[in-house]
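See structure below.
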């Protein structure tokens, strides 16, 4: 029943808490009957206002309750038609039982896993399926919840998660195994939901398992595999620094170079004979990049694109710290000794993200704690040879 799933998606996308009897009556008989028989829609409070149906203005009026003996009548006042009777049935309202709906979808995947809310009222884990020997979590994402997925990457590893979206024609969610619409992911047959696993298979690319240590970025997330355990983390400034260190074990890398590499401006770092961090051309290019990022940030905020906004803010943070260390308030280059500000910024970012990694992946966190030497210069110096896929 495709129309039922389309209506269900629309209801999930809507921010409205209630559905009026008029709206329910506008549904086709089979969709309305299914919504009620499955108890996805349940009775809510009685309406206090209704749309006038006695004229063509579609104005909303307050319902007046009139009692005459044992009888009760309901009326509204129409500016054109005067008092208009309102059938009591029109005052009925309904609300969606989201927990019930999620449980029914979960049952359509299989009885092994119970549905659970990952982000209340936005993201639910419905269950799991196995395809080509890989166990995949099936996650339902409602409306703006798509922008919050990164906060639960540790619980829902992106490469092992299929995202089911309520929105129309969903784009691929960067870093996740597959993305499809609710209307494609499920079918309704004889009052039961059925998960369309073959449609997931058609979208899915199963990657060969990587053996060994991995510290690799996949879209907005980093895959971190160490000692046989794999976790996923949302991108952040400190993780970028750590990755740069792992690429070249035992090499000494300055904090200034780490910060510049993270911002994608390695070529702008220059040291003159006077000990200045930036020459005139480098300062000009830094300033231009700063202005470009500010324009992009305004666009991201205007479009409510939180993912893009976060990425720009990370780069701005790195760029501003670099400029603060390299340029004084009159626009002149600072001396090399003032790079202490950069050292503190980079050290704090690395420390903060090692702590975050340790909470979810203790073995890797302890390894990084014991192997990364920090200060004005940084170095990844493991006690034994440790190879990484980065």
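Residue numbers (my numbering): 3 to 392.
Here a beta-carbon is modelled for each residue, glycine too, at the ideal position from N, C-alpha and C.
On a predicted model such as this, the values are computed, not experimentally measured, just so you know.
Going straight from the alpha carbon of residue i to that of residue j, what length do you get?
i           : j           : result
residue 142 : residue 42  : 16 Å
residue 340 : residue 293 : The predicted position of residue 340 is uncertain, since its pLDDT is 45 and thus under 50; no value can be drawn from it.
residue 362 : residue 370 : 13 Å
residue 368 : residue 348 : 19 Å
residue 16  : residue 377 : 52 Å
residue 253 : residue 185 : 53 Å
residue 90  : residue 66  : 11 Å
residue 299 : residue 154 : 24 Å
residue 256 : residue 313 : 24 Å
residue 59  : residue 24  : 16 Å
residue 316 : residue 62  : 48 Å
residue 225 : residue 390 : 12 Å
residue 166 : residue 218 : 25 Å
residue 188 : residue 198 : 5 Å
residue 130 : residue 70  : 59 Å
residue 179 : residue 233 : 15 Å
residue 11  : residue 182 : 12 Å
residue 100 : residue 214 : 42 Å
residue 159 : residue 311 : 23 Å
Does any heavy atom of the ligand NAD sit closer than 8 Å to the C-beta of residue i?
i           : result
residue 126 : Looking at this structure, you won't find the ligand NAD or any other ligand, since it has none at all.
Classify residue i as helix, strand or coil using the three-state DSSP reduction.
i           : result
residue 124 : coil
residue 45  : strand
residue 329 : Note on residue 329: pLDDT 48, under 50, position unreliable in the model; no value is reported.
residue 16  : coil
residue 96  : strand
residue 7   : helix
residue 40  : coil
residue 58  : coil
residue 292 : helix
residue 389 : coil
residue 22  : strand
residue 368 : helix
residue 253 : coil
residue 117 : coil
residue 279 : Low local confidence applies: a pLDDT of 48 at residue 279 is under 50, so the model's placement there is unreliable, with the coordinate-based value given in what follows. Note: residue 279 maps to coil in three-state DSSP.
residue 159 : coil
residue 305 : coil
residue 29  : coil
Closer than 8 Å by C-beta to residue i: which residues in its own chain qualify, once you throw out the five before and the five after it? Chain order, please.
i           : result
residue 29  : 9, 37
residue 356 : 240, 244, 367, 370, 371, 374
residue 68  : 74, 75, 76, 77
residue 385 : 372, 373
residue 190 : 3, 6, 7, 36, 196
residue 379 : 254, 255, 256, 257
Could you work out which residue in the options is closest to residue i when comparing CA atoms only?
i           : options            : result
residue 177 : 60, 161, 374       : 161
residue 77  : 166, 94, 54, 61    : 54
residue 39  : 157, 94, 194       : 194
residue 228 : 179, 392, 100      : 392
residue 366 : 185, 199, 388, 130 : 388
residue 201 : 164, 214, 250      : 164
residue 107 : 159, 150, 168      : 168
residue 82  : 383, 137, 56, 382  : 56
residue 111 : 137, 359, 13, 251  : 137
residue 203 : 382, 127, 132      : 132
residue 383 : 72, 139, 247, 27   : 247
Spell out the partners DSSP gives residue i in its beta bridges.
i           : result
residue 236 : 223
residue 165 : 141, 181
residue 84  : 80
residue 130 : 139
residue 51  : 64
residue 74  : 69
residue 317 : Answer is none; residue 317 lacks a bridge partner.
residue 194 : 191
residue 382 : 374
residue 218 : 225
residue 355 : Bridge partners of residue 355: none, in fact.
residue 231 : 228
Sorted by chain position, which residues of the same chain lie with C-beta nearer than 6 Å to residue i's C-beta, five sequence neighbours on each side aside?
i           : result
residue 20  : 46, 95, 97
residue 64  : 51
residue 103 : 42
residue 237 : 222
residue 145 : 15
Suppose the cutoff is 7 Å on Cβ atoms and the five residues either side in sequence are ignored; what does the same chain contact list for residue i look like?
i           : result
residue 351 : 239, 240, 243
residue 22  : 49, 95
residue 88  : 52, 65, 76, 77, 78
residue 150 : 121, 124, 125
residue 354 : 240
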